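Shown next, in structure tokens, is the structure this report addresses.
2 protein chains.
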Amino acid sequence: MSNTNKPSLHTSLSPTLLHLYDLGNSIVVIIDVLRATSTIATALYNGARSVIPVDSISRCMEIGKQIQGVTAGERDGQIAEGLEYGNSPFEYPREFIEGKTLVLTTTNGTRLLHMSLDKGAKEIITGSFPNLSAVCNHLIEMKKDVILACAAWKDRVNMEDSLFAGAVISHTRDHFSINCDSSHIVEKMYEKGKKDLFSFLKNNNASHYHRLMNFGLEKDIRYCLNPDGANVLPVYSDGKLVAKARN
Amino acid sequence: MSNTNKPSLHTSLSPTLLHLYDLGNSIVVIIDVLRATSTIATALYNGARSVIPVDSISRCMEIGKQIQGVTAGERDGQIAEGLEYGNSPFEYPREFIEGKTLVLTTTNGTRLLHMSLDKGAKEIITGSFPNLSAVCNHLIEMKKDVILACAAWKDRVNMEDSLFAGAVISHTRDHFSINCDSSHIVEKMYEKGKKDLFSFLKNNNASHYHRLMNFGLEKDIRYCLNPDGANVLPVYSDGKLVAKARN
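These protein sequences, in sequence, are chains Y and H.
Residues in the first sequence are numbered consecutively from 1467, following the numbering used here.
Residues in the second sequence are numbered consecutively from 1467, following the numbering used here.
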């Protein structure tokens, strides 16, 4: 196939940059590696019926009550007041979450998801290292234009979401036409760091690495950087994320 | 000196991200490597009295007439209609530009400069590889907070401006406290590419590399990636950029 016949792939490094890309005909991959999209993949992999992403604690409590869901969210590394669980993927093993609905508070990721909806994204999925292969296989199979949308941190570009975008590109590049410097930058960085992503974040002073380490969450970081531990494809539809049935 | 006593350094990868940073007490370095800030350094190094950056062709013609300046600007790789010269640094040798004022049309860079003014930047200078050392030495000497502001390309992050930000960080990092993932990302990329920046842009499909190569401007690209060929410090004041007198 000639290069020009391939679908395009772009990387938006921050929600603030999302408006630069044409979402109308694209699959948008929401990326919030530490830890929202890793936890979403894990809960769905372990049998959660769905995950409802919400942008505030009050909305989380409200929906949780309506549907008798599991409410989750953190502020400054602690379970937020009024909610039941936190943001760690380790809080959602199969024996707890199977058959339940998780209502998850995630500021950056939920906002980005709503922005993507507003801009008419054709399909929205979520991506993280625990479901890297599921995301890559889906993108290759669908043959549609792709926007890798990093949730970032309060709109500031972050290293871990950029690294995941780089990982996706590294695994799918032959299937896309990539005319996007952001994509080339993150792929280069991923190639440099892929042997040991944990050390890469540490050695390069990634701000979120320090933030979570200060909360004693090394185990979470290591899990969230490890590929395919919860290899499911979360697809957004009608207010919630559900695992796509395998073919 | 302890880390916390050092001034801070942040990198804004696109004008769209500039509002995230506190410019009020900072030196802002405007970066538009291909080719605006490289040409500004070159013209001043070769004795131009000043460079007036403007954001439109009509404004360029108007000011050029008022002050009898040299008008310059391009559209799609050609000298813009109504102007006299183009954006190439090679158009401004000493025998031509000495003692004159250059009125330069630069869309991305000028907009970023005006944004920085609006946000109350303490000082605005321009940076490019031809004046890399002058910029680094000034930043080290001043001991103020720094924002490296990439002009990007129509707000999309680009590789060459990111590489220059990385070069500045690589040369000044010990003098700053850097809690900014964008800065760590671009420094990493610069370390990877610094041995041969031209090949790095080429091999990583930098979009601006292709754009200028299509215009037959390989010589310009090579010049604009070469450190210290026009090692002067352009400082913005009162509508124009002038070379800072050496101590």
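Even glycine gets a Cβ: it sits at the ideal position worked out from N, Cα and C.
Predicted, not measured: the structure shown is a model, and the values here were computed from it.
- Query: Using a C-beta to C-beta distance shorter than 9 Å, which residues of chain Y count as neighbours of Asn1670(H)?
  - Reply: If you number the second sequence from 1, residue 1670(H) lands on position 204. Asp1647, His1650, Ile1651, Glu1653 and Lys1654, listed in chain order.
- Minimum length 3: unbroken beta strand (DSSP E) runs contained in the region 1530-1567 of chain H: 1536-1538
- Query: Is there a Cβ from chain Y that is less than 8 Å from the Cβ of Val1495(H)?
  - Reply: The residue labelled residue 1495(H) in the question sits at position 29 within the second sequence. It does not; no Cβ of chain Y falls within 8 Å.
- Can you give me the Cβ contacts of Phe1664(H) inside the same chain, cut-off strictly under 7 Å, excluding the 5 residues immediately before and after it? As a first step, residue 1664(H) is located in the second sequence; it is residue number 198 there, counting from the start. Ile1687, Arg1688 and Leu1691, listed in sequence order.
- Can you tell me which of Ile1518(H), Thr1571(H), Gln1534(H) and Glu1564(H) puts its alpha carbon nearest to the alpha carbon of Gln1544(H)? Numbered from 1 along the second sequence, position 78 holds the residue referred to as residue 1544(H). It is Thr1571(H) whose Cα lies nearest to the Cα of Gln1544(H).
- Message: Using a Cβ distance threshold of 8 Å, determine whether the region 1474-1488 of chain H contacts the region 1631-1649 of chain H, with at least three qualifying pairs required.
- Response: yes
- Message: With the cut-off set at 8 Å, would you say Arg1515(Y) and Asn1553(Y) are in Cβ contact?
- Response: Numbered from its first residue, the first sequence carries residue 1515(Y) at position 49. Numbered from its first residue, the first sequence carries residue 1553(Y) at position 87. Result no, Cβ atoms of Arg1515(Y) and Asn1553(Y) do not sit closer than 8 Å.
- Task: Might you give, ordered along the chain, the residues of its own chain that have their beta carbon closer than 7 Å to the beta carbon of Phe1630(Y), omitting 5 neighbours on each side?
- Result: The count along the first sequence starts at 1 and reaches residue 1630(Y) at position 164. For Phe1630(Y), where only same-chain residues beyond five positions count, the Cβ hits under 7 Å are Ile1497, Val1499, Gly1593, Ser1594 and Phe1595.
- Query: Where Glu1684(H) and Trp1619(H) are concerned, what is the direct C-alpha to C-alpha distance, given to the nearest angstrom?
  - Reply: Taking the first residue of the second sequence as position 1, residue 1684(H) is located at position 218. Taking the first residue of the second sequence as position 1, residue 1619(H) is located at position 153. The alpha-carbon atoms of Glu1684(H) and Trp1619(H) are separated by roughly 19 Å.
- Item | Three-state class that DSSP yields for Tyr1702(H) in the structure shown | As a first step, residue 1702(H) must be located in the second sequence, where it is residue number 236. Tyr1702(H): strand per DSSP, three-state reduction.
- So Ile1506(Y) is in the alpha helix (DSSP H); what residue range does that whole segment cover? Here residue 1506(Y) corresponds to residue number 40 of the first sequence, with the count starting at 1. Run containing Ile1506(Y): Ala1502 to Tyr1511, per the alpha helix (DSSP H) assignment.
- Just the chain Y side, please: which residues come within less than 9 Å of Arg1515(H) by C-beta, in chain order? By 1-based counting over the second sequence, the position of residue 1515(H) is 49. Those within 9 Å of Arg1515(H) in chain Y number zero; the least Cβ separation is about 35 Å.
- Message: Quick check: Glu1589(H) and Ile1518(H), are their CB atoms within less than 8 Å of each other?
- Response: Position 123 of the second sequence, counted from the first residue, corresponds to residue 1589(H). Position 52 of the second sequence, counted from the first residue, corresponds to residue 1518(H). Not in contact: Glu1589(H) and Ile1518(H) (Cβ atoms no closer than 8 Å).
- Query: Near Leu1578(H), which residues of its chain fall below 6 Å by C-beta distance, leaving aside the five closest residues on each side in sequence?
  - Reply: In the second sequence, residue 1578(H) corresponds to position 112, counting from 1. Answer for Leu1578(H): Pro1481, Ile1496, Ala1615 and Ala1617, listed in chain order.
- Message: Quick check: Val1569(Y) and Val1536(Y), are their CB atoms within less than 8 Å of each other?
- Response: As a position in the first sequence, residue 1569(Y) is number 103, starting the count at 1. As a position in the first sequence, residue 1536(Y) is number 70, starting the count at 1. Taking 8 Å as the Cβ cut-off, Val1569(Y) and Val1536(Y) qualify as a contacting pair.
- Item | DSSP-derived helix/strand/coil call for Pro1481(H) | As a first step, residue 1481(H) must be located in the second sequence, where it is residue number 15. Helix.
- Report the rounded CA-to-CA distance for Ser1522(H) versus Val1652(H), giving the unit in angstroms. Within the second sequence, the letter at position 56 stands for residue 1522(H). Within the second sequence, the letter at position 186 stands for residue 1652(H). Going by the C-alpha atoms only, they are around 30 Å apart.
- Message: Determine whether the beta carbon atoms of Asn1597(H) and Val1698(H) lie at a separation below 8 Å.
- Response: Walking along the second sequence from the start, residue 1597(H) turns up at place 131. Walking along the second sequence from the start, residue 1698(H) turns up at place 232. For Asn1597(H) and Val1698(H), yes; Cβs fall inside 8 Å.
- Closer than 8 Å by C-beta to Asp1704(H): which residues in its own chain qualify, once you throw out the five before and the five after it? Chain order, please. The residue given as residue 1704(H) occupies position 238 in the second sequence. Contacts found: none.
- Task: Indicate the three-state DSSP secondary structure (helix, strand or coil) for Leu1707(Y) in the structure shown.
- Result: As a first step, residue 1707(Y) must be located in the first sequence, where it is residue number 241. Strand, per DSSP.
- Bounding residues of the beta strand (DSSP E) (the contiguous stretch that carries Ile1606(Y)): Counting from one through the first sequence, the residue named residue 1606(Y) turns up at place 140. Segment Leu1598 to Met1608 is the alpha helix (DSSP H) holding Ile1606(Y); no beta strand (DSSP E) there.
- Item | Within chain H, the residues that Val1623(Y) reaches when beta carbons sit closer than 8 Å | For the purposes of this step, residue 1623(Y) is taken as the residue at position 157 of the first sequence. In chain order: Leu1479, Leu1483, Asp1647, Ser1648 and Ile1651.
- Message: How far does the alpha helix (DSSP H) with Val1652(Y) in it extend, from its first residue to its last?
- Response: Numbered from its first residue, the first sequence carries residue 1652(Y) at position 186. Note, Val1652(Y): alpha helix (DSSP H), Asp1647 to Gly1659.
- Does DSSP classify Asp1715(H) as helix, strand or coil? Any property of residue 1715(H) remains undetermined from this structure, which presents chain H solely from 1467 to 1713.
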